[in-house]
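Asks: If you read the sequences in order, they're chains P and D. Every letter in the first sequence is one number past the one before it in the working numbering, and letter 99, counting from 1, is 99. Every letter in the second sequence is one number past the one before it in the working numbering, and letter 202, counting from 1, is 202. Supplied in structure tokens, the structure appears directly below.
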Amino acid sequence: MTTMPTARRGRDTLVGWTFLLPNFIGFAVLTMVPIVLLFYYAFTTWDIFGGAEWTGLANLRQMLHDRSFWTAVWNTLYYTVFHIPLTLAVSLGLALLLNRKLRAVAFFRTVAFFPYITSIVAIAQVWNMLFSPGYGPINAILRAVGVDNPPGWTTSAEWSMPAVIVVGTWREMGYYMLLFLAGLQTVPGELYEAARVDGANAWQRFRSVTLPGLRPITFFVTVLLTIGSFKVFDLILVMTDGGPGQSTLVLSQYIFQKGFEENQFGYASAVSVVLFLLCLLVTVVQFLVNRRRDA
Amino acid sequence: MKRSIAAAVGAATLSALLLTGCGSGDSSGGSDDKTLTLAGWSLATTPEFKVLADGFHATHPDITVELKEYDAKNYDTQMVADLAAGKAPDVYVQKNLKNFYTYQSGKQLLDVSDVAVTGASTDAYKVDGKTWAVPYRQDSWVLFYNKALFDEAKVKYPDGSWTWDDYATAAKQLTTGLKAANSKALGVYEHTWQSTLQGFALAQSPGASLESADYAFLKPYYTHAVDLQNAGAQVKLGDATTNSLTYQAQFGKQQAAMMTMGTWYIATLLSQQTSGDADKFEWGIAPVPQLDESTTGTSATPVTFGDPTGLGINPKISEGKIETAKAFLAYASGADAAKALAGIGITPANTDSATTDAFFSVAGVPGDDVSKFAFAKHDTKPENPVSKYTAPLQNILNDLHTAVLSGTKDIDTAIAEAQERAKNEVLNK
């Protein structure tokens with residue numbers, strides 16, 4: 001290999017930086033610096049004007065006794081525990097369904113993907129109307145099939161979270177379906193042929209060929225879904241605003257309330273750090289479990 | 001060759017980025033002492049800022065007031081950011097009292113105790129014996145009613161003698177009467193905000209306070225509201241929120257015969273009746289219903305609530321402009337500005353009889369005596385106390401609001417829970 005002249009190399013470096021910098025400056029100023037500062041603010045009280053005052057672990061102690069915080073943790077887990085398996089099942093089901101050589105398959109794939117690119121505010125508005133207890137079509141259908149006392153959905157404490165989970169799943173299924181579709185292309189066709197020769201039926205082929213073949217993509221989807229569920233925010237903010245009462249208050253919204261509504265940016269930062277650690281912990285556990293299975 | 005083009009493009013992008021970065025660093029306010037900058041929102045549809053700016057320029061021809069536009073919905077968020085960045089205008093609006101506390105405690109307001117204010121009260125803006133802002137506008141809640149629908153249901157117009165019991169009775173009579181007349185309208189619409197009930201409860205109940213963590217005073221108000229929902233005299237909260245009902249459409253499109261709302265709605269209703277966004281019908285305003293008979297009738301002063309809208313001075317204003325800014329504040333709270341504001345359908349903080357006359361000479365404003373009484377005479381308490389506890393306590397009481405009106409919790413349980421949370425999460429922290 002011949003060495004480049006110094007001048008040329010210097011110019012190459014310069015060109016490289018000019019391509020990198022516009023994006024990097026944006027990332028550094030708008031993402032990296034705030035994230036680093038967040039860890040500092042978590043140990044302070046700060047009302048945005050003037051400087052932050054160092055208070056050590058006071059925010060953490062307050063959190064331990066803060067019942068609303070625990071309500072938010074509980075609700076976030078509730079959402080996560082139901083949203084992940086439901087979305088996995090629905091998006092995998094859709095992917096299997098739309099992986100065949102059907103007529104107009106591209107059309108159906110687009111339809112399934114549509115909710116993901118639709119404005120969240122519009123989604124919330126329309127679903128709220130569908131769920132409307134008195135006039136909504138969902139309850140109208142339930143009444144027509146003989147349910148005397150249909151649920152109050154987003155207006156009742158018991159049913160608001162299930163309603164939000166349904167909409168969350170509906171919204172995201174198309175995106176994960178796309179990932180699964182990509183995964184399905186990587187499963188070698190010979191394996192299916194061999195299984196057929198061995199006399200395996202459709203269910204057996206699915207269990208012993210498709211699922212193991214999808215393992216890497218399933219893992220990837222689960223990690224994405226977990227992080228997404230833990231930080232669910234926009235959907236809840238526009239659909240229920242955490243209500244009725246605190247029945248759908250989740251951690252991200254609690255952070256928003258404390259920070260931007262009550263100007264307690266120190267405490268809000270501390271809750272953000274806890275949310276970050278929670279995501280990190282669960283993801284690390286998932287990686288470890290996955291590695292053990294690989295071995 | 002190709003590479004040098006790429007380098008040029010890269011360098012151009014970079015310099016464009018740096019240039020825009022520098023460009024936005026310029027101070028937006030006029031730097032000379034003859035120009036005052038004033039914050040406002042939605043200037044095209046909110047003429048009050050221009051009225052103040054032009055009015056001041058007319059009396060002080062050498063001074064120009066420049067408006068800086070903000071987004072109405074995100075006004076306070078944007079203002080907080082601009083103040084923290086040192087880029088806010090010289091004079092900025094205190095849109096509500098909740099955020100006045102944020103600005104005052106954050107040292108973002110200049111002491112304006114020496115501004116002479118006559119005919120308007122600065123009480124709401126006093127902290128530690130000093131005045132930090134001056135009001136130019138004072139909205140207060142009144143009862144809007146649709147005369148046509150009242151006639152159709154054969155119910156007598158509100159005359160200022162109503163307690164909340166009378167109001168509930170009328171709401172039910174209206175609903176029955178309207179149904180009999182084959183109208184789809186309901187008796188009353190209470191908007192989804194927590195202040196629609198809690199504002200009155202806090203203002204009218206003797207000794208009521210947010211920081212007492214004793215919320216028993218809310219009970220009669222919620223009992224009424226739940227009763228009206230169950231009787232079908234008003235839309236349930238769940239149906240109002242899931243269908244995103246707006247109060248402008250509920251009253252303006254004649255879906256309800258009466259509605260409590262702030263006086264800001266007068267100007268909106270007038271312009272919507274002209275533009276066709278609201279039906280054309282005869283309406284009036286009356287004092288809001290009272291807790292008991294001690295404050296009803298036209299010889300008493302009805303108690304209601306509403307926040308003043310005020311002006312404060314940015315402490316980063318240049319030394320030479322402070323006196324001009326104070327003169328502007330004095331003008332905005334004075335009688336001349338009040339008359340000009342009343343002329344565009346706004347309720348000024350300064351309400352002498354000349355102002356009332358100017359207001360009722362606006363085309364379309366109802367001219368009956370009860371309406372005039374409701375406009376001119378009331379004891380208006382602030383919607384919320386100015387305190388660091390207000391925002392978190394309000395969030396707790398908003399949870400109570402949605403829980404009770406959606407039927408998720410009964411009022412006693414919800415009050416007990418809110419009291420517990422207020423102590424646990426806010427007051428004893």
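Just so you know, even glycine gets a beta-carbon here, dropped at the ideal spot from N, CA and C. Please read these numbers as outputs of a predicted model, since none were measured by experiment.
Looking only at DSSP bridge pairs, what is Asp379 (chain D) linked to?
Replies: The residue labelled residue 379 (chain D) in the question sits at position 379 within the second sequence. D:Val303, per the DSSP bridge assignment.
Asks: For Ala340 (chain D) and Phe359 (chain D), what's the separation of their Cα atoms in angstroms?
Replies: In the second sequence, counting from the first residue as 1, residue 340 (chain D) sits at position 340. In the second sequence, counting from the first residue as 1, residue 359 (chain D) sits at position 359. Straight-line Cα distance between these residues: approximately 9 Å.
Asks: Identify, in the order they occur along the chain, each residue of the same chain with its Cβ nearer than 8 Å to the Cβ of Asp294 (chain P), setting aside the five sequence neighbours on each side.
Replies: Residue numbering aside, residue 294 (chain P) sits at position 294 when the first sequence is read from its first letter. Nothing listed; no residue qualifies.
Asks: Counting only runs that start and end within the segment 268-321 of chain D, where is the beta strand (DSSP E) found for 3 or more residues in a row?
Replies: 283-286, 303-305 and 308-313, all fully within the segment 268-321 of chain D.
Asks: Report buried or exposed for Asn428 (chain D), applying the criterion of at least 16 other Cβ atoms within 10 angstroms of its Cβ.
Replies: Residue 428 (chain D) sits at position 428 when you count from the first residue of the second sequence. Exposed: under 16 other Cβ atoms inside 10 Å.
Asks: What residues match up with Tyr145 (chain D) in a beta bridge as DSSP calls it?
Replies: For the purposes of this step, residue 145 (chain D) is taken as residue 145 along the second sequence, with counting starting at 1. DSSP lists D:Met258 and D:Gly284 as partners of Tyr145 (chain D).
Asks: Looking at chain P, is there any beta carbon in it that lies within less than 8 Å of the beta carbon of Val80 (chain D)?
Replies: Position 80 of the second sequence, counting from 1, holds the residue named residue 80 (chain D). Closer than 8 Å: yes.
Asks: What does Gly134 (chain P) touch in chain D if you count any residue whose Cβ is under 7 Å from its own?
Replies: Taking the first residue of the first sequence as 1, we reach residue 134 (chain P) at position 134. Within chain D, the residues near Gly134 (chain P) are Lys236 and Asp239.
Asks: Along the alpha helix (DSSP H) that carries Leu83 (chain D), what are the first and last residues, could you check?
Replies: Stepping through the second sequence from its first residue, residue 83 (chain D) is reached at position 83. Taken as a continuous stretch (DSSP letters only), the alpha helix (DSSP H) holding Leu83 (chain D) covers Tyr75 to Ala84.
Asks: Within 8 Å of any Cβ in chain P, is that where the Cβ of Asn384 (chain D) sits?
Replies: Counted from its first residue, the second sequence places residue 384 (chain D) at position 384. Chain P, which has no Cβ nearer than 8 Å to the Cβ of Asn384 (chain D), makes this no.
Asks: Mind listing, in chain order, the continuous beta strand (DSSP E) runs of no fewer than 3 residues lying wholly within the segment 141-175 of chain P?
Replies: Correct list: empty.
Asks: Please work out which residues of its chain come closer than 6 Å, Cβ to Cβ, to Lys95 (chain D), disregarding the five sequence neighbours upstream and downstream, and give them in chain order.
Replies: Indexing the second sequence from 1 puts residue 95 (chain D) at position 95. Tyr75.
Asks: Counting only the same chain and skipping the five closest in sequence on each side, list residues whose C-beta sits under 6 Å from that of Leu280 (chain P).
Replies: The residue given as residue 280 (chain P) occupies position 280 in the first sequence. Counting only Cβ-Cβ distances below 6 Å, and skipping sequence neighbours, we find nothing.
Asks: Less than 6 Å between C-beta atoms, sequence neighbours within five positions excluded: which residues of the same chain meet that for Trp127 (chain P)?
Replies: Position 127 of the first sequence holds residue 127 (chain P). Excluding residues within five positions, the ones whose Cβ falls inside 6 Å are Val167.
Asks: Using Cβ-Cβ distances below 8 Å, what residues of the segment 66-85 of chain P are close to chain D?
Replies: Those would be Asp66, Arg67 and Ser68, in chain order.
Asks: Taking only beta-carbon positions, decide if Gln125 (chain P) is within less than 8 Å of chain D.
Replies: Taking the first residue of the first sequence as 1, we reach residue 125 (chain P) at position 125. It does: the Cβ of Gln125 (chain P) has a partner Cβ on chain D nearer than 8 Å.
Asks: CA-CA distance, Thr267 (chain P) and Gln394 (chain D)?
Replies: On the first sequence, position 267 is the one that residue 267 (chain P) refers to. On the second sequence, position 394 is the one that residue 394 (chain D) refers to. Note that residue 267 (chain P) is Tyr in the sequence shown here, rather than Thr. Their backbone Cα atoms lie some 18 Å apart in a straight line.
Asks: Rounded to whole angstroms, what's the CA-CA distance from Ala180 (chain D) to Thr242 (chain D)? Just pull it up for me.
Replies: By 1-based counting over the second sequence, the position of residue 180 (chain D) is 180. By 1-based counting over the second sequence, the position of residue 242 (chain D) is 242. Answer to the nearest angstrom: the Cα atoms are 28 Å apart.
Asks: At the level of alpha carbons, what is the spacing between Ala342 (chain D) and Pro308 (chain D)?
Replies: Counting from 1 along the second sequence, the entry for residue 342 (chain D) is found at position 342. Counting from 1 along the second sequence, the entry for residue 308 (chain D) is found at position 308. Rounded to the nearest angstrom, the two C-alpha atoms are 15 Å apart.
Asks: For Asp47 (chain P), return the contacting residues in chain D, with the cut-off set at a CB-CB distance below 8 Å.
Replies: The sequence position of residue 47 (chain P) within the first sequence is 47, counting from 1. Those are Thr102, Ser105 and Gly106, listed as they occur along chain D.
Asks: In angstroms, rounded to a whole number, what distance separates the CA positions of Glu261 (chain P) and Asp128 (chain D)?
Replies: As a first step, residue 261 (chain P) must be located in the first sequence, where it is residue number 261. As a first step, residue 128 (chain D) must be located in the second sequence, where it is residue number 128. Distance between the alpha carbons of Glu261 (chain P) and Asp128 (chain D): 24 Å.
Asks: In terms of DSSP beta bridges, what is Arg137 (chain D) paired with?
Replies: Along the second sequence, one-based indexing puts residue 137 (chain D) at 137. In the DSSP output, where bridge partners are listed per residue, Arg137 (chain D) has D:Thr309 and D:Pro348.
Asks: How many angstroms separate the CA atom of Ala327 (chain D) from the CA atom of Val115 (chain D)?
Replies: Taking the first residue of the second sequence as position 1, residue 327 (chain D) is located at position 327. Taking the first residue of the second sequence as position 1, residue 115 (chain D) is located at position 115. About 8 Å.
Asks: Could you tell me whether the Cβ of Glu323 (chain D) comes closer than 8 Å to any Cβ of chain P?
Replies: For the purposes of this step, residue 323 (chain D) is identified with residue 323 of the second sequence, where counting begins at 1. No, no contact with chain P.
Asks: Could you check what DSSP says for Thr214 (chain P) in three-state terms: helix, strand or coil?
Replies: Residue 214 (chain P) sits at position 214 when you count from the first residue of the first sequence. The sequence as given places Leu at residue 214 (chain P); Thr does not occur at that position. Leu214 (chain P) falls in the coil class under three-state DSSP.
Asks: Just the Cα atoms here: how many angstroms apart are Leu174 (chain D) and Gln250 (chain D)?
Replies: Indexing the second sequence from 1 puts residue 174 (chain D) at position 174. Indexing the second sequence from 1 puts residue 250 (chain D) at position 250. About 15 Å.
Asks: What are the boundary residues of the alpha helix (DSSP H) that Glu420 (chain D) is part of?
Replies: Position 420 of the second sequence, counting from 1, holds the residue named residue 420 (chain D). Glu420 (chain D) -> alpha helix (DSSP H) spans Ile411 to Arg421.
Asks: Thinking just about the alpha-carbon of each residue, which of D:Ala225, D:Phe150 and D:Ala403 is nearest to the one in Glu190 (chain D)?
Replies: By one-based count along the second sequence, residue 190 (chain D) stands at place 190. For the residues D:Ala225, D:Phe150 and D:Ala403, the minimum Cα distance to Glu190 (chain D) belongs to D:Ala225.
Asks: Grab me the residues of Tyr41 (chain P)'s own chain with a C-beta within less than 7 Å of its C-beta, minus the 5 sequence neighbours each way, in chain order.
Replies: Within the first sequence, the letter at position 41 stands for residue 41 (chain P). Within the same chain, Tyr41 (chain P) has close Cβ partners Ala52, Phe265, Gly266 and Ser269.
Asks: Classify Leu60 (chain P) as helix, strand or coil using the three-state DSSP reduction.
Replies: As a working note, residue 60 (chain P) is residue 60 in the first sequence. Looking at Leu60 (chain P) - three-state DSSP - the assignment turns out to be helix.
Asks: Counting only Cβ pairs nearer than 7 Å, list the residues of chain D close to Phe131 (chain P).
Replies: Taking the first residue of the first sequence as 1, we reach residue 131 (chain P) at position 131. The contacting residues are Thr242.
Asks: Within 8 Å of any Cβ in chain P, is that where the Cβ of Ala84 (chain D) sits?
Replies: The residue labelled residue 84 (chain D) in the question sits at position 84 within the second sequence. By this cut-off, Ala84 (chain D) is an interface position.
Asks: In this structure, how does DSSP classify Leu197 (chain D) when only helix, strand and coil are distinguished?
Replies: As a position in the second sequence, residue 197 (chain D) is number 197, starting the count at 1. Helix.
Asks: Excluding the 5 residues preceding and the 5 following Tyr101 (chain D) in the sequence, name in chain order all residues of the same chain whose CB lies nearer than 7 Å to its CB.
Replies: Translated into the one-based positions of the second sequence, residue 101 (chain D) becomes position 101. Within the same chain, Tyr101 (chain D) has close Cβ partners Val386, Ser387, Lys388 and Thr390.
Asks: Which same chain residues end up closer than 7 Å to Gly29 (chain D) when comparing Cβ atoms and leaving out the 5 residues on each side of it in sequence?
Replies: Start at 1 with the first residue of the second sequence, and residue 29 (chain D) comes out as number 29. Because the pLDDT at Gly29 (chain D) is just 44, under 50, the model does not fix this residue reliably, and the value given afterwards should be weighed accordingly. Result list for Gly29 (chain D): Thr37, Pro89 and Asp90, in chain order.
Asks: So for Tyr215 (chain D), helix, strand or coil by DSSP?
Replies: In the second sequence, counting from the first residue as 1, residue 215 (chain D) sits at position 215. Tyr215 (chain D): coil per DSSP, three-state reduction.
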